[in-house]
Amino acid sequence: MSQPPNQPPQGGFGAPQDPRQGGFGAPQPPQTPPPPPQGPPQTPPPPQGPPPAAPQPGYGYPQQPAPQAPQAPPAQLGAYPSGPYGQPQQQPGPYGYPQQPAQGYGYPPQPQYPGAPQPGSRNPFKGKPALAIGAAVAALAIIGGTVFAVTRGGDDDPKKPIAQESGDSKGSESPTDDPDNGGGGGADPENLNGGREAGDSKVLWYKEAPDAPGSGADAPGLWITDKAAVKAAYKQVFAYNVGDGEAAWEPISFPEKICAVTPEKSSDDKIVVAYMSGGSDRAKCNQLQQIDLNTGAKGWKGSVANGALFDSTLDVELSITGKTLVVGRSQSGTAYDVNTGEKLWDKKRYGDACFPDSFAGGKKLIAVAGCNASRSNEHDEVQELDPATGKAKWTWEFATGWKVSRVFSLDPLVIYSTNKDKKQWNISTFGADGKRRSQVDVPLEIGAQCGWAILQRDLQGCTGVAADADTLYMPTKATTGANEIVAINLANGKEKWRVKSPAEESMLPIKVEDGKLIAYVEPSYDAGGQVVSIPVSGSNPQPTKLLQNPASASDVERGFFTKSFDWADGRFYLASTRLTGNDAAKEKLILAFGK
Numbered sequence: 000m001s002q003p004p005n006q007p008p009q010g011g012f013g014a015p016q017d018p019r020q021g022g023f024g025a026p027q028p029p030q031t032p033p034p035p036p037q038g039p040p041q042t043p044p045p046p047q048g049p050p051p052a053a054p055q056p057g058y059g060y061p062q063q064p065a066p067q068a069p070q071a072p073p074a075q076l077g078a079y080p081s082g083p084y085g086q087p088q089q090q091p092g093p094y095g096y097p098q099q100p101a102q103g104y105g106y107p108p109q110p111q112y113p114g115a116p117q118p119g120s121r122n123p124f125k126g127k128p129a130l131a132i133g134a135a136v137a138a139l140a141i142i143g144g145t146v147f148a149v150t151r152g153g154d155d156d157p158k159k160p161i162a163q164e165s166g167d168s169k170g171s172e173s174p175t176d177d178p179d180n181g182g183g184g185g186a187d188p189e190n191l192n193g194g195r196e197a198g199d200s201k202v203l204w205y206k207e208a209p210d211a212p213g214s215g216a217d218a219p220g221l222w223i224t225d226k227a228a229v230k231a232a233y234k235q236v237f238a239y240n241v242g243d244g245e246a247a248w249e250p251i252s253f254p255e256k257i258c259a260v261t262p263e264k265s266s267d268d269k270i271v272v273a274y275m276s277g278g279s280d281r282a283k284c285n286q287l288q289q290i291d292l293n294t295g296a297k298g299w300k301g302s303v304a305n306g307a308l309f310d311s312t313l314d315v316e317l318s319i320t321g322k323t324l325v326v327g328r329s330q331s332g333t334a335y336d337v338n339t340g341e342k343l344w345d346k347k348r349y350g351d352a353c354f355p356d357s358f359a360g361g362k363k364l365i366a367v368a369g370c371n372a373s374r375s376n377e378h379d380e381v382q383e384l385d386p387a388t389g390k391a392k393w394t395w396e397f398a399t400g401w402k403v404s405r406v407f408s409l410d411p412l413v414i415y416s417t418n419k420d421k422k423q424w425n426i427s428t429f430g431a432d433g434k435r436r437s438q439v440d441v442p443l444e445i446g447a448q449c450g451w452a453i454l455q456r457d458l459q460g461c462t463g464v465a466a467d468a469d470t471l472y473m474p475t476k477a478t479t480g481a482n483e484i485v486a487i488n489l490a491n492g493k494e495k496w497r498v499k500s501p502a503e504e505s506m507l508p509i510k511v512e513d514g515k516l517i518a519y520v521e522p523s524y525d526a527g528g529q530v531v532s533i534p535v536s537g538s539n540p541q542p543t544k545l546l547q548n549p550a551s552a553s554d555v556e557r558g559f560f561t562k563s564f565d566w567a568d569g570r571f572y573l574a575s576t577r578l579t580g581n582d583a584a585k586e587k588l589i590l591a592f593g594k
């Protein structure tokens, strides 16, 4: 239900403002990495760096892009002032080699902001509402991930990845997995199932995290196949049988830390992992290894060259769309055949100083570029790319001041953007033709969980949000009592329904499956988490409990510093995405719950 006019906003939304994150030009490197927590916290730590005071809520008018043919707003959304979007370009600009941008390193990722819609107020979007920011509330992100050093230019390896087969599926180090020290084969040395009550699910198996440096380490990725649950952590990739947790194949070890992974697997269960070229502060995240999730076989491997000046591989993003792997640098991207490692195409500077700096892949391939950095007409552009050729199917230009921060869904395409100066945020959905379909016009304080975006936008770095063809399912942030999941009609941006969490803890969407939304209800101090299903049709759907995890495992379930989760074949998987490196903590890498 829309909020009545002249009422205060319902709350804020967004990722915390990271004081390490800058604007245009050369970003300053962090002086020291954040210290590791002393043991795994019982709940994730609060976001860092909130603004000192909340700005006054309200709407404003962002500067318009360079004059171009205006797009008429959809009639059903009322008469709103014009906004940040220009006319879609059906033809992309010419391609060329990256050049040094106007200042520094080009177009670094932008911070995100909390905010709340205020129906009845003016808005900065053409035909749609903007959402003002309540900066005192940082609701989107639960911090996680590594803070990387500042991007540097230059590279001494201009060669593309070389496809070469390697039959060795074993790593060079001894496996850290031990059936007696991680619940292998249904073992339960910590008696996590000891307090089960009638009707409770059980911990099917669990594994302790591998050794990590005292400063902590990343544990990216979680991939579930019919046979294996696969997890990366620090310098290794582990695989466990989904049923009993026994090792599906021996861990694969890398000489240096894993720095990026493909969030999704290919249709035939392949992933690609990137690891560092060395251990020094000049090392690059440019070594690639393909892995078969079902067998552990290592496929092709190779290295990725830097781009032109200031276009570094110090940090990269990986994504898979169909048979295409895209490696995103700081100002360009290169595509490879995910099965062979053969180079397919480059996505470089195009148009009027537009540098593609982030990619999102899965059902579609999306590129986001920063254009005209540090100039008066500085703006972001979004393109859908043909994964086979890299050619743009369409281009959409955002107005000056609006930064594309996250992609909540690829199909349909749902984009979250922010305006730092106006202290506003917006969620928009786009059709297959690249035209804006709707913008969210719902009073809510969003509680999706996202990591920090330091040197990259990390477009696909959010969990706890789901979508189907017609609806976006967004959690609210719990402020007092239980949170809610709000179903938003993507045809018009309006609310369909909202469902309150069945517990006092937050309920987070996982996926839509067989006409039902599957969601995870987080555990409390004295109760385990839940997995519930919610019918997506109807005006007042209610959650049905699929799993009630045992209270005896709630301490472990709550103990992850940051986490990812998934639901597959009646099992719920919970995994760490960041290791603290505290040996005394005995932190877990992954748990599996089921009947």
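If you read the sequence shown in numbering that gives the first Met the number 0, its first letter stands for residue 0, the second for the next number, and so on. Ideal Cβ placement from N, Cα and C applies to all residues, glycine included. These numbers come from a predicted model, not from an experiment.
Item: With 16 other Cβ atoms within 10 Å as the buried cut-off, status of S482; Value: Note that residue 482 is Asn in the sequence shown here, rather than Ser. Answer is buried; the Cβ neighbour count reaches 16.
Item: Backbone secondary structure at A197 - three-state DSSP; Value: coil
Item: Three or more C-beta pairs below 8 Å linking the stretch 431–438 and the stretch 456–474; Value: no
Item: Member of V337, K346, P188, Y519 whose CA lies at the smallest distance from the CA of F571; Value: Y519
Item: Per-residue burial, K587 [other beta carbons within 10 Å of its own, 16 or more giving buried]; Value: buried
Item: Coarse secondary structure for S536, derived from DSSP in three states; Value: coil
Item: Buried versus exposed call for A218 [16 or more other C-beta atoms within 10 Å across all chains shown]; Value: buried
Item: Neighbour-count burial assignment, A359, 16 or more Cβ in a 10 Å radius; Value: buried
Item: Continuous alpha helix (DSSP H) stretch holding R348: start and end; Value: Premise fails: R348 is in no alpha helix (DSSP H) and is neither H nor E.
Item: Beta-carbon separation (whole angstroms), L324 vs Y335, contact threshold 8 Å; Value: 5 Å
Item: Coil, strand or helix - D336 by DSSP; Value: strand
Item: Residue range of the unbroken beta strand (DSSP E) whose run includes V439; Value: Per DSSP, V439 belongs to no beta strand (DSSP E) and is neither H nor E.
Item: Those residues which DSSP pairs with A466 across a bridge; Value: L471
Item: 7 Å CB neighbourhood of S505 in its chain, flanking five on each side removed; Value: G446, P474, A477, N482, E521
Item: Which residues DSSP lists as bridging I290, in chain order; Value: I270, K297
Item: Whole-number beta carbon distance between L489 and S200, since they are thought to touch under 8 Å; Value: S200 to L489, Cβ: 33 Å. No contact.
Item: Alpha-carbon spacing of D385 relative to A208, whole angstroms; Value: 39 Å
Item: Alpha helix (DSSP H) segment containing S575, residue limits; Value: Run containing S575: none in the alpha helix (DSSP H); it sits in the beta strand (DSSP E), 570–575.
Item: Local Cβ density within 10 Å of Y233, reported as buried at 16 or more and exposed below that; Value: buried
Item: Proximity test, Cβ basis, 7 Å: D568 and chain D; Value: Given the protein chain composition of this structure (a single chain), no chain D is represented.
Item: For D554, the first and last residue of its enclosing alpha helix (DSSP H); Value: 553–557
Item: Between the CA atoms of I517 and K510 - distance to the nearest angstrom; Value: 5 Å
Item: Chain-order list of residues whose beta-carbon lies under 8 Å from that of V315 (same chain, five-residue window excluded); Value: C258, A259, A273, C284, N285, V303, V326, G327, R328
Item: Exposed unless 16 or more other CB atoms sit within 10 angstroms - verdict on N548; Value: buried
Item: Per DSSP, the bridge partner or partners of Y519; Value: L507, V530
Item: Integer-rounded CB distance, given that A231 should sit under 8 Å from A591; Value: Incorrect: roughly 17 Å between the Cβ atoms, too far for contact.
Item: Q423 to A526 span [Cα, whole Å]; Value: 37 Å
Item: Within 7 Å, strictly: CB atoms of Q382 and T394; Value: yes
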